[in-house]
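So the mapping is simple: the working numbering equals the position in the first sequence, first residue as 1, plus 845.
We treat Cβ as the ideally placed atom computed from N, Cα and C, and that holds for glycine.
Please read all numbers here as calculations on a predicted model, not as lab measurements.
Taking it in order: structure first as C-alpha cells, then the write-up.
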Amino acid sequence: MKDKEVKTRMKRGFWKPEEDLILKNCVETHGEGNWATISEKSGLMRSGKSCRLRWKNYLRPNIKRGMMSEDEKDLIIRLHKLLGNRWSLIAGRLPGRTDNEVKNFWNTHLNNKRSCRSKKKHVKFEEANNTHSPQGKIQEYPTVETVSNNKEVVTKTVLDSWIEEMQDFNCSLPSPNVPFLEDEPFIPILDDILLLEAFTRNEIQPFL
DNA sequence: AACGCTATCAACCGCTCTCGC
DNA sequence: AGCGAGAGCGGTTGATAGCGT
C-alpha cells in the first residue's frame, strides 16, 4: 500500500537537462550503485531504477552516441548468434554502447520479425552503408590465414576465428535459432575471456 | 497543407538475481 | 534455510519525428 503511494508520487517520463545535472552531481557524491540513496537525496522524485537507467544509458562517461558502424553492426549480429538476447553481455563488447541501445538497434534494424515492418527503411540503411563485397561478406575486419583440415589456406576475419575458438571450447553450442537454456555451458568460459581481456587491458590488477 | 502511417528510441515494468540479516 | 531489499536485465510501451499520399 505504502509502496504504491510512493510509486504514484514518483515523477515519470523524459528527463530534463537540469535533472540530468542533479543526477550527475548526486552520482559523483554518493557513488554509482547506491540508487536508493541517490533517488532519495537528489530530490528529483525519480525512482532508483529510473536514476540508474538514466545514468547508465546517457550520463555515464564515454557513452558513444549516433549510428552504429558497419563493424559494430556485424559484431552485434555475430554476438547475438552466439549469446542470444543477452544485451548487456553484447553491449559489454561494444565500447561506449549500452544494452538498451544495442537492444533497440537489434529490434529496429536487425530483428527479422520486426524488420518486415521496417523493410523500406532497412533497405535504405543497407544502401547507405553498402560496404559489403559482391559476395555479401564484410571486409573491414583484419583477416588471418589458417590451414583447414584438407590443407587449404583459408582466410578468415579475426572475429570469425575468435567465434570459432569459442565454439571449439563448447562442442554443444546450440544452433542460432534454438533459444539458449539457463545452463549454457559456454557462458562461464565467455566470462573468463572477458576477465582475461580486462587483465590484459590493465583494468584489473592481479594480486600476487 | 493536412492527415495517416511507420520507424525510432527513451523510459517503464515485471521478473530474476544477489546479498545481507 | 528463509526472507526482504536493492540492483540488474530483457521485454514492452508510448511519444514523436519523419515520410508518403
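| message | Distance check for lysine 948 and arginine 834, CA to CA, integer angstroms please. | response | As shown, the chain starts at 846 and ends at 1053. That puts residue 834 outside it, with no answer to give.
| Where does serine 820 sit, in a helix, a strand or coil, going by DSSP? | Here the chain has residues from 846 to 1053 only, and residue 820 is not among them.
| said: Quick check on this structure: which residue in Leu924, Leu955, Leu898 has the alpha carbon closest to the alpha carbon of asparagine 879? | reply: Position 34 of the first sequence, counting from 1, holds the residue named residue 879. If we check each option's Cα against that of asparagine 879, Leu898 comes out closest.
| task | Apply the 10 Å Cβ neighbour rule to methionine 913 and answer buried if 16 or more other Cβ atoms are within range, or exposed otherwise. | result | Residue 913 sits at position 68 when you count from the first residue of the first sequence. So methionine 913 counts as buried.
| Going by beta carbon distance, what residues of the same chain come within less than 6 Å of phenylalanine 950, once the five residues before and after it are set aside? | Taking the first sequence and counting its residues from 1, one reaches residue 950 at position 105. So the list reads Met913, once near-sequence residues are dropped.
| said: Under DSSP, the alpha helix (DSSP H) around glycine 878 begins and ends at which residues? | reply: Along the first sequence, read from residue 1 onward, the residue named residue 878 stands at position 33. No alpha helix (DSSP H) contains glycine 878, which DSSP labels as neither H nor E.
| message | Taking the alpha helix (DSSP H) that isoleucine 922 belongs to, which residues open and close that run? | response | For the purposes of this step, residue 922 is taken as residue 77 along the first sequence, with counting starting at 1. 915 to 928 is the span of the alpha helix (DSSP H), which, as asked, contains isoleucine 922.
| Check whether leucine 904 and glutamate 864 have beta carbons under 7 Å apart | By 1-based counting over the first sequence, the position of residue 904 is 59. By 1-based counting over the first sequence, the position of residue 864 is 19. In this structure, glutamate 864 does not lie closer than 7 Å to leucine 904 by Cβ.
| Secondary structure of leucine 898, DSSP reduced to three states | Taking the first residue of the first sequence as 1, we reach residue 898 at position 53. Three-state result, leucine 898: helix.
| Rounded straight-line distance, which links the Cα of glycine 858 to that of serine 933 | The count along the first sequence starts at 1 and reaches residue 933 at position 88. The count along the first sequence starts at 1 and reaches residue 858 at position 13. For serine 933 and glycine 858, the distance between alpha carbons rounds to 23 Å.
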